[in-house]
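This report refers to the structure that appears directly beneath it.
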Amino acid sequence: MTFHNAKGLRPIRRPTLNRIGALGVALMLACGHATAAAPTGAPAAAAATPVSAPASLSVSKIDFKRGDDGAGRLVLQFDGQGANPDLRNQGDSVVIDVGNARLPEQLQKPLNVTDFATPVQRIDAKPYGGGTQLVLSTNSAFESLAYQSGNEYVVEITPKEGIAATGAITTSTIAQAASAVAQRGYSGRPVTFNFQDVPVRTVLQLIAEESNLNVVASDSVAGNVTLRLVNVPWDQALDIVLRAKGLDKRRDGSVIWVGPQAELAKFEQEKEDARIAIENREDLITDYVQINYHSASAIFKALTEARGIGNGSGGQGGGGSGNSAQEESGFLTSRGRIVADERTNMLMISDIPKKVARMRELIGVIDRPVDQVLIESRIVIATDTFARELGAKFGVSGSRDNVFFNNSVENNGSNINNQATVDTAYQRAVNEWAAGGGTGAAPVRDPYTITRGLMSNLPVAATSNPASLALSILNAGYLLDVELSAMQTESRGEVISNPRVVTTNQREALIKQGKEIGYVTISAGGAGGGNQANVQFKEVVLELKVTPTITNDNRVFLNMAVKKDEVDQWIELEGYGTVPSINRREVNTAVLVEDGQTVVIGGVYEFTDRNSISKVPFLGDVPFLGNLFKKRSRNKDKAELLVFVTPKVLRVAKGK
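Per mature numbering (1 follows the signal peptide of the UniProt record, and there is no 0): the sequence shown = residues -36 to -1, 1 to 620.
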């Protein structure tokens, strides 16, 4: 391996750079090319003069992709090695000249890449001076970088963060630039590299100087790389070089180890295998862990169901073997064992000391008191009823003679023609009663009465105990009878149920209060082929079922069901008794509530407004007098159901 120390290289950095520049010039002279790198943003006149010599290579593929953070990535592939591309920024475009590679006719066409949502909008590929030229047109500020590996040349165009375009460079400008670089995940100091076919080891040495870190390169790190990087963080430049050459890195403090990906992966695998081999030779110990706030069986199940645990068979006290990948994904080694004792609520763990200590720490995190939640619910049923009725009775009655007697008078209540005849008959009846010794009831003389005859009878319902106003007009032989009745009823009621329950976090709780109503059902198959009566029961209860979950932001997620039943009426079935009609009120919901906050989780509002009129046809439609022949009623019913819930967290857990 080769070791580069950045601190030791600092004093000779200038000579080293000079040697690299001289090496680049010598290589260009040897290849017969004169290449001039144009500064960023330079006009086209300052660009390198195109090579007119016949091209020895050709472009085999032009590909465009979208990279990370909205960057556009152009990939040029050649049919061989030795391509010499040159990149320059020209206004809003990026121009790539490849003097020693011709462009096949099928690739000489423009590419519209707007749909990739990158700074690049269009790519124009065309022959130029016996070689190839590609122009990348952009629509916004950008940064460009390029690197070459073998027969592949990659150009990345990344969006530039907004930085002040005019004026002197200020502290704010530098801060904006640093923030833009940090957002892309790199924080190293910007560097500028422009190399043509330079050894990778030389590039790593320069990066070591810029980063002030020690770089160790594996002996298998070889090959050359072509780079053009302008103001790129050194850690990003390192990643680009490693990706271009199929390398990877591992960092330990101030030392970076660079090598092929396969070599580093093999080293880590061998290191892990050696660690496992040491653990397999280590003596086992046994430890006993008392479970206080949980169930030992539940913790045992959670630990043994983890993928790759030693006794992965799931049996208590089982053992087994597994490879290194499985062992690392579990909690115990392949020789480890765990047993749960339900009687003492204890776990027995047998493994190497490191694994046992880790298991005890894990169980200590799991086995701790859990917060509790008090759920208070209020179910309010409010009713408001209003009823008003107006009714009337109307009639006219009478007789021709206008005189009636009871059964004790002569002629057995028959009509008497005049007042003198009435007096004579009454006196005779008195004399006969006296002659008989005065036994029995004395004769009674009937008053002048007339039997009532109603023509319209539409009163208020008698069960309502209405108020009435009657008017009778009596004339010779006739009776005019009018009776008005009225009733108004108002009723307001409120039923409040207040179930409460306390439960632990994420544990379902149920509270229920009520009764069971018995009723009879009929089924076939009785004695003699008849019907058989069966008694069944139906629950009529107030029930609260809830599962709370306490969140990290001090709120409570409630998955709950609230139910309140009541018997509305009993339905009579002749020969079979009665069956109940049940009103059901139920809410099933899930809601997120602040600790101690009251929320309405459900509500039902019912409103009924009914007007009715009963009347005698035609007569009831007569203005004013028609009120004597009709009955009016109006009913308003309002019912409202509201369910309130208030959760309160009872903190009992320690060490949070």
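A virtual CB, placed ideally from N, CA and C, is assigned to each residue, including glycine. The structure displayed is predicted, hence computed values, not measured ones.
If you reduce the DSSP assignment to three classes, tell me which class V616 lands in.
coil
Using the C-alpha atoms, what's the distance from P317 back to E292?
With a pLDDT of 43 at E292, under the threshold of 50, the predicted position of this residue should be treated as unreliable, though the coordinate-derived value follows. Their backbone Cα atoms lie some 16 angstroms apart in a straight line.
Roughly how many whole angstroms lie between the Cα atoms of V23 and L326?
60 angstroms
DSSP three-state assignment for S175, whether helix, strand or coil
helix
Near F264, what residues of its chain come up, given a Cβ to Cβ distance below 6 angstroms and the 5 sequence neighbours on each side ignored?
A304
Please report the distance separating the alpha-carbon of K612 from that of V555.
14 angstroms
Just how far apart, CA to CA, sit Q496 and S545?
22 angstroms
Look up I242 in the DSSP assignment and say whether it is helix, strand or coil.
helix
Taking the alpha carbon of D445 as the reference point, which residue from A229, Y569 and L592 has its own alpha carbon closest?
Per the C-alpha coordinates, the member of A229, Y569 and L592 positioned closest to D445 is L592.
What runs of the beta strand (DSSP E), each 3 residues or longer, lie entirely inside the stretch 64 to 132?
With a minimum length of 3 residues, the continuous beta strand (DSSP E) runs that stay inside the stretch 64 to 132 are 74 to 76, 84 to 92, 95 to 102, 106 to 113 and 116 to 123.
Run of the beta strand (DSSP E) containing P317, from where it starts to where it stops
Premise fails: P317 lies in the alpha helix (DSSP H), P317 to I330, not in any beta strand (DSSP E).
Touching or not, the stretch 522 to 537 and the stretch 549 to 568, by the rule of three or more beta carbon pairs under 8 angstroms?
yes
I'd like to know whether the C-beta atoms of G355 and L422 end up nearer to each other than 7 angstroms.
Taking 7 angstroms as the cut-off, the beta carbon of G355 is found closer than this to the beta carbon of L422.
Beta-carbon separation (whole angstroms), G210 vs Q200, contact threshold 8 angstroms:
The pair is not a contact, with the Cβ atoms about 18 angstroms apart (cut-off 8 angstroms).
Less than 8 angstroms between the CB atoms is what I'm expecting for R66 and L75, so what's the real figure, rounded?
Between L75 and R66 the Cβ distance is about 18 angstroms, and since that is not below 8 angstroms, they are no contact.
Opposing strand residues paired with N599 [DSSP bridges]
A351 and R574
Proximity of A89 and L100 at Cβ, strictly below 7 angstroms:
no
For L606 versus G560, is the C-beta spacing smaller than 7 angstroms?
Contact flag unset, no.
What would DSSP say about N158, mapped onto helix, strand or coil?
strand
Residue closest to P163, alpha-carbon to alpha-carbon, out of G152, P154 and V185
V185
Option in L589, F571, S455 and G46 with minimal Cα separation from G187
G46
Taking the alpha carbon of T308 as the reference point, which residue from N256, E340 and R324 has its own alpha carbon closest?
N256
Which same chain residues, not among the five before or five after residue 648, have their C-beta less than 8 angstroms away from its C-beta?
Given that the chain is displayed from residue -36 to residue 620, the structure contains no residue 648 and the question cannot be resolved.
Return yes when the Cβ of Y111 is within less than 7 angstroms of the Cβ of A208, no when it is not.
In terms of Cβ geometry, A208 and Y111 form a close pair [threshold 7 angstroms].
Beta-carbon gap between L168 and V180 smaller than 7 angstroms:
no
What would DSSP say about Y483, mapped onto helix, strand or coil?
strand
Within a Cβ cutoff of 8 angstroms, which residues of the same chain sit near K594, ignoring the five residues on either side of it in sequence?
A356, L422, I577, S578, K579, V580 and G584
Using the Cα positions of L614 and I514, report the straight-line distance between them to the nearest angstrom.
10 angstroms
Separation of G541 from I535, as counted between CA atoms:
8 angstroms
Provide the residue span of the alpha helix (DSSP H) that contains I204, from first to last.
W198 to A208
With 16 other CB atoms within 10 Å as the buried threshold, where does N64 fall?
That one is buried.
How close, in whole Å, do the beta carbons of Y117 and P49 come, if the pair is a contact with beta carbons under 8 angstroms?
5 angstroms
Can you tell me whether N53 is buried or exposed? The criterion is at least 16 other CB atoms within 10 Å of its CB, across all chains shown.
Result: buried.
Using a Cβ-Cβ cut-off of 8 angstroms (strictly less than) and excluding sequence neighbours within five positions of R30, which residues of its own chain qualify?
G36, R37, F80, A81 and T82
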